[in-house]
Amino acid sequence: MKLASRIMWYVSTRGIAPQVNFEGALFSGYAPDGGLFMPEELPQLDRETLCRWSTLSYPDLVKELCALFIGSELIPKDDLNDLIDRAFSRFRHKEVVRLSRLKNGLNVLELWHGVTYAFKDLSLSCTAQFLQYFLEKREKHVTVVVGTSGDTGSAAIESVKGAKNVDIIVLLPKGHCTKIQELQMTTVLKENVHVFGVEGNSDELDEPIKTVFADVAFVKKHNLMSLNSINWSRVLVQMAHHFLAYFQCTPSLDTHPLPLVEVVVPTGAAGNLAAGYIAQKIGLPIRLVVAVNRNDIIHRTVQQGDFSLSKAVKSTLASAMDIQVPYNMERVFWLLSGSDSQVTRALMEQFERTQSVNLPKELHSKEKFYSLGMLSEVVTSESVSDEAITQTMGRCWDENQYLLCPHSAVAVNYHYQQMDRQQPSTPRCCLAPASAAKFPEAVLAAGLTPETPAEIVALEHKETRCTLMQRGDNWTLMLQDTIEDLSRRWRGHALNASQ
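Below, the structure written as structure tokens:
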């Protein structure tokens, strides 16, 4: 396993864009051909490496994975280790990520000990450190544009607030995220943070962002980038969740072959699912279960090969997963097709045209053996109603005095179903993406009492700043104007600094 010193190249899932290194993938978000960046070749971890990694802490697992997928020519090992230590320095728990072992074989991996109480703090704090590292080296400035369904915005703001080489623009769906989520964004009054409240849902606010990013000359001129879950850097760091889940829950590393662990992944945009599938592909013996709320496109894709939009986004208690378009499924399709960019491009272009693709027919028509059967072998899925979410939250509290957030309950619901069916059980780990403290409305809906930490209570009394994007406004134009204004400001600063 001497791969860390090589340059890792990234290619687009659609096969037309030129290859880039990690820095190129980090700053691009989408590839210029509309695809997503993936490693050109995946390293294979042998048993010896897995055994060596099994005793590592979460930050050390992130360091190993990043060294493997970035390469020391780009970021020397000592620099990389410093960046990752700095990224996790504000986490409330010394282990950064913690496993709670609860009754009846329920293992909950708490990914929410960061500043904003959600798993996105993990990948975004690292991503922001990588960004600033390259920007300082190149003496460049970027404007980050983020659309959020709730958690990404605040985690992205926290990761770059006050950074001198970065401005961040966040579009949040007014009235579609919780009060706490909104306050975590609107109360950050740093000069480089610009928050817009959009009168629409998270899919609608993605439209002006997509339009702006489709203008390649504009993107280049203003050094624009996205930090949404399609950014490869975020997927890379999220692979560590799966490694830690495996090492904490595997009964032994002495058997041949290594035992399987089931990892239950609650998801909206499928970033954590893509990360888990890549972890599996490079040698981690996990079985993936994807758990979604009533916005069930991923579930329908796994069960029937039906990758098609519903008529509308359904509002659920697990609001951060109220997403219609799971962008990272493109990475999953690409891996399933044996890295065939032609198949992936045809599939995604049809989806973009018609909002509907029937998976097996599309893949078979290319005379490919990779079909839906293979997807359902790789991943199991379930879709969970609001009623099942509140029941799961109630049951977990009754059995363990442990409060789950509604997204974590989507995963734990699967565990309870398997237990109640008395299925012979593989060890299982449920990923918990957020703290219940962020979702008091859902906790109350489950008939439970919210526990709110002091720093969240304090948000209520802070000054807020947010620009409204109303229905009828030209959102794209408002976004372009803001970006142009920030570019002018940065050029003014740079000019003053050089005089």
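Numbered per full-length UniProt numbering, the sequence shown spans residues 1 to 499.
Every residue gets a Cβ at the ideal spot worked out from N, C-alpha and C, and that includes glycine.
Extent of the continuous beta strand (DSSP E) run through residue i
{"i": "Pro39", "result": "37-39"}
{"i": "Ala432", "result": "428-432"}
{"i": "Ser383", "result": "379-383"}
{"i": "Val108", "result": "107-110"}
Rounded separation between residue i and residue j - CA only
{"i": "Asn328", "j": "Thr449", "result": "35 Å"}
{"i": "Arg471", "j": "Glu199", "result": "6 Å"}
{"i": "Pro266", "j": "Leu403", "result": "16 Å"}
{"i": "Ala437", "j": "Leu431", "result": "17 Å"}
{"i": "Pro440", "j": "Trp9", "result": "44 Å"}
{"i": "Leu56", "j": "Leu244", "result": "8 Å"}
{"i": "Glu455", "j": "Lys120", "result": "18 Å"}
{"i": "Thr482", "j": "Gly492", "result": "15 Å"}
{"i": "Val357", "j": "Phe307", "result": "5 Å"}
{"i": "Gly268", "j": "Val410", "result": "11 Å"}
{"i": "Arg222", "j": "Ser125", "result": "According to the sequence shown, residue 222 is His rather than Arg. Distance between the alpha carbons of His222 and Ser125: 23 Å."}
{"i": "Leu444", "j": "Tyr117", "result": "19 Å"}
{"i": "Met374", "j": "Thr344", "result": "15 Å"}
{"i": "Gln129", "j": "Asp203", "result": "28 Å"}
{"i": "Gly15", "j": "Glu23", "result": "19 Å"}
{"i": "Thr255", "j": "Asn107", "result": "22 Å"}
{"i": "Val20", "j": "Pro39", "result": "10 Å"}
{"i": "Ser154", "j": "Leu459", "result": "13 Å"}
{"i": "Leu288", "j": "Ala87", "result": "28 Å"}
{"i": "Leu42", "j": "Ala494", "result": "40 Å"}
{"i": "Ala113", "j": "Gln181", "result": "Note that residue 113 corresponds to His in the displayed sequence, not to Ala. Looking at the two C-alpha atoms, the distance is approximately 15 Å."}
{"i": "Asp322", "j": "Ser315", "result": "6 Å"}
{"i": "Ala240", "j": "Cys405", "result": "21 Å"}
{"i": "Phe213", "j": "Ser100", "result": "41 Å"}
{"i": "Leu3", "j": "Gln44", "result": "Model confidence at Leu3 stands at a pLDDT of 48, short of 50, so the residue's coordinates are unreliable; what they give is reported in the following sentence. Taking the straight line joining both Cα atoms gives about 9 Å."}
{"i": "Ala163", "j": "Tyr133", "result": "11 Å"}
Span of the alpha helix (DSSP H), counted from its first residue to its last, around residue i
{"i": "Val290", "result": "Taken as a continuous stretch (DSSP letters only), Val290 belongs to no alpha helix (DSSP H), being part of the beta strand (DSSP E) at 286-292."}
{"i": "Val313", "result": "Unbroken run through Val313: none, as it is neither H nor E."}
{"i": "Tyr133", "result": "120-138"}
{"i": "Ile298", "result": "297-304"}
{"i": "Asn400", "result": "386-400"}
{"i": "Thr344", "result": "341-354"}
{"i": "Pro440", "result": "440-445"}
{"i": "Leu459", "result": "454-459"}
8 Å Cβ cutoff met for residue i and residue j
{"i": "Ala103", "j": "Glu463", "result": "First, the residue type needs correcting, since residue 103 is Lys and not Ala in the sequence shown. No, these two residues do not count as a Cβ contact at 8 Å."}
{"i": "Arg331", "j": "Thr13", "result": "yes"}
{"i": "Val264", "j": "Ile286", "result": "no"}
{"i": "Asp296", "j": "Ser383", "result": "yes"}
{"i": "Val143", "j": "Leu224", "result": "The amino acid occupying residue 143 in the given sequence is Thr; Val does not appear at that position. A contact, by the Cβ cut-off of 8 Å."}
{"i": "Ser310", "j": "Gln324", "result": "yes"}
{"i": "Ala115", "j": "Tyr58", "result": "Per the sequence shown, the amino acid found at residue 115 is Val instead of Ala. The answer is no: Cβ separation not under 8 Å."}
{"i": "Pro257", "j": "Pro427", "result": "no"}
{"i": "Ala320", "j": "Ile298", "result": "no"}
{"i": "Val313", "j": "Asn201", "result": "yes"}
{"i": "Thr467", "j": "Thr211", "result": "no"}
{"i": "Trp232", "j": "Phe27", "result": "no"}
{"i": "Lys94", "j": "Leu80", "result": "no"}
{"i": "Ile209", "j": "Met185", "result": "no"}
{"i": "Cys51", "j": "Leu253", "result": "yes"}
Beta carbon proximity, residue i to chain C, threshold 8 Å
{"i": "Ser435", "result": "The chain inventory of the structure shown lacks chain C, comprising one protein chain alone."}
Heavy atom of the ligand FAD within 7 Å of residue i beta-carbon
{"i": "Met8", "result": "Of ligands this structure carries none, so the ligand FAD is not represented either."}
task = Assess, as a yes-or-no matter, whether the stretch 144-162 is touched by the stretch 173-188 under the definition of 3 or more beta carbon pairs within less than 8 Å.
result = Cβ pair count under 8 Å is three or more, so yes.
Practice problem: Taking only runs that begin and end inside the stretch 143-230, name each unbroken alpha helix (DSSP H) of 4 or more residues, in chain order. | Solution: Taking 4 residues as the shortest admissible run, the stretch 143-230 contains the following complete alpha helix (DSSP H) segments, listed from N- to C-terminal end: 151-160, 179-186, 202-214, 216-221.
Counting Cβ pairs, one atom from each stretch, are 3 or more of them under 8 Å apart for the stretch 234-241 and the stretch 270-290?
At 8 Å Cβ cutoff, the stretches touch.
Inside the UniProt domain "Threonine synthase N-terminal" (10-88) only - beta strand (DSSP E) runs reaching at least 3 residues
Runs of the beta strand (DSSP E) inside the UniProt domain "Threonine synthase N-terminal" (10-88): 10-12, 37-39.
| request: Examine the Cβ distances between the stretch 189-199 and the stretch 165-174 and report whether three or more of them are shorter than 8 Å. | output: Touching, yes.
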